[in-house]
Amino acid sequence: MGRTPFYHGALALCTILVLLNVPLPASCFSTPTSSTRYATSLSMSTPSRFQPPPKGCAATPANKKKICVFGGGGYLSATIYGYLQRTSSLFPTGTAPPRTVVATAWSSLQLNKILGRHFRLAYANEDSIALTDASDPHSLAGSLDGVDAVVLGTVCACERRPVTGNTYEGGNPNKKTVEFYLDGVVGVGADEVMEGDAGFHLGFFRDCLTACREMGVQHVVVLETPRTRSLGVEEQREFGRILEEEGVPFTYICTGGKEWESIPGYTFQEGVRDVVEVQGKVIRRGSGSGGAWLEESLSGRDVEVGDSGAMAREDIAAVAVQALMSLDWEKSRVLQLKTMGQLEKEDEGRNPRYDRVWCKRSELLAQALAFIE
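Following our numbering, the numbering of the sequence shown begins with 242 at its first residue and continues without gaps.
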């Protein structure tokens, strides 16, 4: 295409100003900084003028991070996995294709059912699923080879299921193992659902964190599940002690003691449902508080977020993923989420496009997390 008269006039003016030694503003010669481009691309919309750039994996998008979700057979964990699959297709997010850790092939089947139903025929192949003996710390560690960050829960839903053949049955075809889900039991016909065993859940949580530390995992996102509230306060505080003792930087997400709910018929095109308020507090490394920060969070539930409605699992999943992209992996923190009501429906026009966003309205979550350390 030919140059316009305006272009030639502007070029002549700049040449005259340079010959006359008139200083020109640097913006005439510079391009937007990489941090500005990443912030814009992350939300796929124009960011707030005063919004700082992301500090998580989206800060260096060329260095793709592998993220692993524990208990992929449950709805919440499968939703997190589905979001991470979508982020991995977008360069500015800084994420690689995800992995999930499960105990049996049953969970891989449930994961793909959820992905196909809620993420438009998305699919997790065998390379993305690690079958792991939850009772063996060495097996847990081996499943995290090459993983940079992990998403797991406090008290998972667990049940006993037959070990998948040709995996770790050890020559016993009748051997059973513990299958774990981040939130709810998916299985039909399970013969033994494990409830209320604080010792098991705390031990499994420690084994997971130990495996993360041994395998060099850089950051852990921990979701405080509703089942955690069935434990005593001292037992709940033990999760905080374990996080401090294992020493892996973490983001601990809690929702104010409210139950979680699933959005009926949800698909990824719907995106974030609610206006989510986020309160954050940094946990200093080596503080030696013995999990006191978690006790403060527990005692402040009814005061700070007690009036909020039930949190949507889909929104919680989106916050967990956005936290990995937005927040500094070298710091530890606790996040309290609160819903301030549902967002208004948007008129998307006749042919909306979803290939440029991993989750619609995720830019609102990026803004809510932008000023949290």
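The C-beta atom is built at its ideal place from N, Cα and C for all residues, glycine as well.
Rounded to whole angstroms, what is the Cα-Cα separation between Cys495 and Arg594? 32 Å
Does the stretch 574-594 touch the stretch 511-523, meaning 3 or more C-beta pairs lie closer than 8 Å? yes
The beta strand (DSSP E) with Gln577 in it runs from where to where? Ser573 to Gln583
Extent of the continuous beta strand (DSSP E) run through Glu518: Asp515 to Ile524
Verify whether the separation of the beta carbon atoms of Arg581 and Thr334 is less than 7 Å. The sequence shown places Met at residue 581, rather than the Arg named in the question. No. Outside cutoff.
Given that a residue counts as buried once 16 or more other Cβ atoms are within 10 Å of its Cβ, and exposed if not, what is Tyr316? buried
Which listed residue (Gly512, Gly444 and Glu500) has its alpha carbon closest to that of Leu484: Gly444
Does the structure place the stretch 351-362 close enough to the stretch 383-403 that three or more beta carbon pairs sit under 8 Å? no
Thr336 vs Lys296 beta-carbon contact at 7 Å: no
Which of the three DSSP states, helix, strand or coil, is assigned to Cys397? coil
Measuring straight from C-alpha to C-alpha, what distance separates Gly440 and Pro293? 42 Å
Just to confirm the assignment: which complete beta strand (DSSP E) runs, minimum length 3, are found wholly within the stretch 416-475? 417-422 and 460-464
Tyr595 lies in the beta strand (DSSP E); which residues open and close that run? From DSSP, Tyr595 is part of no beta strand (DSSP E); its letter is neither H nor E.
Are the CB atoms of Gly313 and Thr341 within a distance shorter than 7 Å? yes
By DSSP, does Ile613 sit in helix, in strand, or in coil? coil
At a cut of 8 Å, does the stretch 451-462 reach the stretch 418-427 through at least three beta carbon pairs? no
Could you check which residue in Ala561, Glu587 and Glu571 has the C-alpha nearest to that of Leu464? Ala561
With a threshold of 6 Å on Cβ separation, who are the neighbours of Phe509 within its own chain once the five nearest residues in sequence on each side are excluded? Phe360
Three-state secondary structure (DSSP) at Ala375? coil
Work out the CA separation of Arg525 and Asn415 for me, nearest whole Å. 47 Å
Just mark Thr301 as buried or exposed, buried being the case when its beta carbon has 16 or more other beta carbons within 10 Å. exposed
Can you tell which of Arg554, Met552, Ile613 and Gly506 has its C-alpha closest to the C-alpha of Arg358? Gly506
Within 7 Å, strictly: CB atoms of Gly512 and Arg602: yes
CA-to-CA distance, Ile557 to Val516, given in whole angstroms: 12 Å
Between the CA atoms of Asp368 and Ser503 - distance to the nearest angstrom: 28 Å
Starting from the C-beta of Leu605, find all residues in its chain whose C-beta is less than 7 Å away, skip the five residues before and the five after it, and write them out in chain order. Val513
Indicate the three-state DSSP secondary structure (helix, strand or coil) for Pro403 in the structure shown. strand
Where does Thr328 fall in DSSP's three states? helix
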